[in-house]
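*Asks:* This structure is in structure tokens; I'll ask about it shortly.
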Amino acid sequence: LEVHHPSCRPALFLCALRPAMSRRRILHPVPGERLPRGFAQRLENPPEPVEPRPAATVVLLRSGPGPAAGGDPVGHPEAAGLQVLLLRRSRATGFVPGAWVFPGGRIDAGDHALARRLGRPDEAPHLAALREAFEETGILLTREGGTPRILVADRDRELDGERRSLLEGELTMEDILGRRGLEPDPAAVTRIAHWITPEVEPRRYDTHFFAAAVPPGTRAAVDDGEIVEHRWLAPAPALAEHEAGHLPMVLPTVRTLVHLGHFRSPGDVLEYHEEREVVPILPRFVRTPDGVALEVEEPLPGDEQEPGA
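Each residue of the sequence shown is one higher than the one before, counting from 30 in the working numbering.
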């Protein structure tokens with residue numbers, strides 16, 4: 030399956046959504062007008078690759094009750110199934126300005142410190158995904174006495190104020206959770222992908238992608254800073270709007286939505302990925318007779334590991 034990507038530009042690009050025994054190479058054209066100034070020269074004389082920064086992102090999933098539900102101002106007939114939360118980045122941001130993305134960001138020292146305190150040093154990416162979800166959407170995935178609990182800033186003015194204090198560096202996640210006798214819930218997120226930015230890029234990320242389910246009707250509350258808009262959409266209409274030029278996205282977002290289109294519910298997504306190894310893929314830019322393309326590997330049609338195959 031190939032998808033036209035009208036808004037593709039160098040950033041985080043496709044890596045494995047799941048391991049596959051049989052794979053094919055796919056070239057995704059990158060429109061020349063979307064390449065940064067001097068990027069073609071970087072391909073001719075590639076610099077020494079910069080070290081990718083560890084990062085995490087989380088795909089928030091819910092079951093949709095129907096058209097125009099909870100933050101989707103347009104509404105689609107397909108909205109009664111699986112819905113994905115998409116966020117629009119401010120045009121003033123330095124990284125993929127104006128693009129529709131999933132919540133995410135760098136893994137910071139606080140994430141590592143919290144992971145060590147919990148006795149789970151390898152789960153700093155999980156904790157970063159939880160923190161980024163809260164910072165950018167106001168949705169906080171926690172545990173209370175061993176029981177999962179979800180808090181939503183859209184319905185809690187005090188929690189929303191604490192989220193803004195977290196963004197400003199006045200509070201930590203531990204501060205916010207400790208006030209309520211809560212713990213973070215790394216088990217709430219399931220790893221679904223591992224994307225590494227191509228080596229030629231000046232800004233690189235080594236990004237763990239997770240998925241998490243939230244109840245139907247859950248509403249996001251964006252901060253109107255880096256994130257200025259949000260929509261809950263089923264994968265198919267989201268891709269259709271992207272194709273129509275209404276939802277600019279980078280390639281990994283598009284490919285993740287294509288993959289999620291195989292599933293009917295959040296539970297199906299999490300169950301499918303629970304026991305599957307995620308293999309990182311490092312895409313690369315190549316020259317073609319038509320310009321520049323991104324070379325990636327994808328499963329062959331009929332791969333036994335493809336969901337729904």
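For each residue, glycine too, the CB sits at the ideal point set by N, CA and C.
Considering just the uninterrupted stretch of the beta strand (DSSP E) at HIS275, what are its terminal residues?
*Replies:* It is not in any beta strand (DSSP E) - HIS275 carries neither H nor E in the DSSP assignment.
*Asks:* Below 8 Å, can you find three or more Cβ-Cβ pairs linking the segment 155 to 164 to the segment 304 to 319?
*Replies:* Touching, no, given that fewer than three Cβ pairs across the two stretches are closer than 8 Å.
*Asks:* If you scan the segment 131 to 201 from start to end, which runs of the beta strand (DSSP E) of 3 or more residues do you find wholly inside it?
*Replies:* Complete beta strand (DSSP E) runs here, min 3: 133 to 135, 168 to 173 and 176 to 181.
*Asks:* Please state whether the Cβ-Cβ distance between LEU200 and GLU191 is less than 8 Å.
*Replies:* Taking 8 Å as the Cβ cut-off, LEU200 and GLU191 qualify as a contacting pair.
*Asks:* So, for VAL257: in the same chain, excluding its five sequence neighbours on each side, which residues have a beta-carbon less than 6 Å away from its beta-carbon?
*Replies:* Counting only Cβ-Cβ distances below 6 Å, and skipping sequence neighbours, we find ARG117 and SER119.
*Asks:* Around the C-beta of GLY95, are 16 or more other C-beta atoms found within 10 angstroms, so that it is buried, or is it exposed?
*Replies:* Residue confidence for GLY95 is low, a pLDDT of 49 falling below 50, so the modelled location carries little weight and cannot support an answer.
*Asks:* Anyone know if the C-beta pair for LEU56 and PHE314 falls short of 8 Å?
*Replies:* Their beta carbons are not under 8 Å apart, which means LEU56 does not touch PHE314 by this criterion.
*Asks:* Between the C-alpha atoms of GLU300 and GLN70, what's the straight-line distance to the nearest angstrom?
*Replies:* Roughly 44 Å separates the two Cα atoms.
*Asks:* To which residues of the same chain is ALA131 closer than 6 Å at the C-beta, ignoring the five residues directly before and after it?
*Replies:* In the sequence on display, residue 131 carries Phe and not Ala. Correct list, in chain order: THR86 and VAL88.
*Asks:* Does DSSP classify ASP252 as helix, strand or coil?
*Replies:* Three-state result, ASP252: coil.
*Asks:* Reducing DSSP to helix, strand and coil, say where THR317 ends up.
*Replies:* THR317: strand per DSSP, three-state reduction.
*Asks:* LEU280 and ALA267 look like a contact to me (Cβ under 8 Å); what is the Cβ gap, rounded to whole Å?
*Replies:* Not a contact, Cβ separation roughly 14 Å.
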